[in-house]
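Please read the structure below before turning to the comments.
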Amino acid sequence: MSTFREGQNQAHPNKSNTLILALIVILMINVSIQIWLLYTALNNALAQNKDIAIPAFLASIFLFLIGFFWLYYLPAGAKKRKVKQNVNFTDTYH
Amino acid sequence: MATDNKDNHWKEDFPIEQLEARQVTRRDFAKFLCLVSGGLATGSGYVAAKAHLFPGEEVQGEHFVCKLDELPVGGTKSFVIPGSMIPYVLIHVEDGELRAYEQKCTHLSCAVFYKPGTGKIECPCHNGWFDAYTGEVLAGPPPRALPRLDVVLKGDGIFVTAYDGTSEQVQS
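Chains as they are written, first to last, in our numbering: chain A, 1 to 94; chain B, 95 to 266.
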């Protein structure tokens, strides 16, 4: 029975390519929102409006957790996949 | 030629190909983005903790700055409240009103100056402008108004207290 990881490793490179690009785009969007949250929280805290600081922190943690668990879907590196696929052929080249 | 095996031993200790060392893979880039994300979340936590657990202290009591006749109309006087390092500026605006603000721009903490005759406070570093009557930002990069102190006139003496937002305007 193939697992998710095996299936992903056997996927066509075009598919893995699209997946990794989508992952990076989502992570970049998350980081952009977090920068905005930090900037807003800091400016409001310095202007004595500290009520926004905790919601901004919780939102930032939430976005980080999304990004962290998102990494599970990161396809294995090309090198690792290559080694696995060619493991039986390496001896024949010598 | 010094190309014997002896010279290549370092490769066994550092078995990383040149291409691998130079190029950042997309996997590594994604992981780095996640690390940055964690850093930003930590920063937000620091801001929240500092705002709620260690709020900045307000100015306590009244503090004498100078006598009214020492401050001509359109003139300013820089001062520091005893026990604090924050620089303030007292402004005698042309229509006779007195105002006191922190003399640090809210953008990058440059010293701000009153421009006589304009009713505006200028930050010369990045061309930021504040209203001399309210401290609000008029133009430029500053993200928020200048922190303000209340001015109290007692006889001939000018005193400052913490700003409570409800005080009447002080006229000289």
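Think of the CB as a built atom: it goes at the ideal place given N, C-alpha and C, for glycine as much as any other residue.
Taking only the alpha-carbon atoms, compute the straight-line gap between residue i and residue j and give it to the nearest angstrom.
i	j	result
B:L184	A:N43	25 Å
A:M28	A:N49	28 Å
B:K171	B:G211	16 Å
B:Y195	B:E216	12 Å
B:F148	A:I52	16 Å
B:G155	B:V206	25 Å
A:S16	A:Q8	8 Å
B:P109	B:R120	21 Å
B:G139	B:K125	21 Å
B:L247	B:V174	18 Å
Is residue i near the ligand PLP - that is, is its Cβ less than 7 Å away from at least one heavy atom of it?
i	result
A:T3	The model depicted lacks the ligand PLP and carries no ligand whatsoever.
Excluding sequence positions up to five away, which residues of its chain have a Cβ less than 7 Å from the Cβ of residue i?
i	result
A:W70	L23, I26 and L27
A:I66	N30
Quick one: measure Cβ to Cβ for residue i and residue j, integer angstroms, because I've assumed they're closer than 8 Å.
i	j	result
A:L46	A:S60	No, A:L46 and A:S60 are not in contact; Cβ-Cβ is about 18 Å, not under 8 Å.
B:V153	B:L232	Actually they do not touch by this definition, with Cβ atoms about 25 Å apart.
A:P75	A:I33	A:P75 to A:I33, Cβ: 25 Å. No contact.
B:V167	B:H186	5 Å
Over the uninterrupted beta strand (DSSP E) stretch that includes residue i, give me the two end residues.
i	result
B:P181	P181 to H186
B:C217	K214 to C217
B:K198	Segment: none, B:K198 is in no beta strand (DSSP E) and carries neither H nor E.
B:T170	T170 to V174
Which residues in the same chain as residue i place their Cβ atom closer than 8 Å to its Cβ, once the five residues preceding and following it in sequence are excluded?
i	result
B:G234	H201, C217, H220, N221, G222 and W223
B:R238	T200 and V231
B:Y257	P241, R242, L243 and D244
A:T92	Note that A:T92 scores a pLDDT of 49, beneath 50, so its modelled location is shaky; the value from the coordinates is reported in the next line. Answer for A:T92: no residue qualifies.
A:R5	A76
Locate the alpha helix (DSSP H) running through residue i, then write down its first and last residues.
i	result
A:I26	P13 to L46
Leaving out five residues before and five after residue i in sequence, what residues of the same chain have Cβ atoms less than 6 Å from its Cβ?
i	result
B:P241	E196
B:A42	No answer is possible for residue 42 of chain B: it lies beyond the span of chain B, which begins at 95 and ends at 266.
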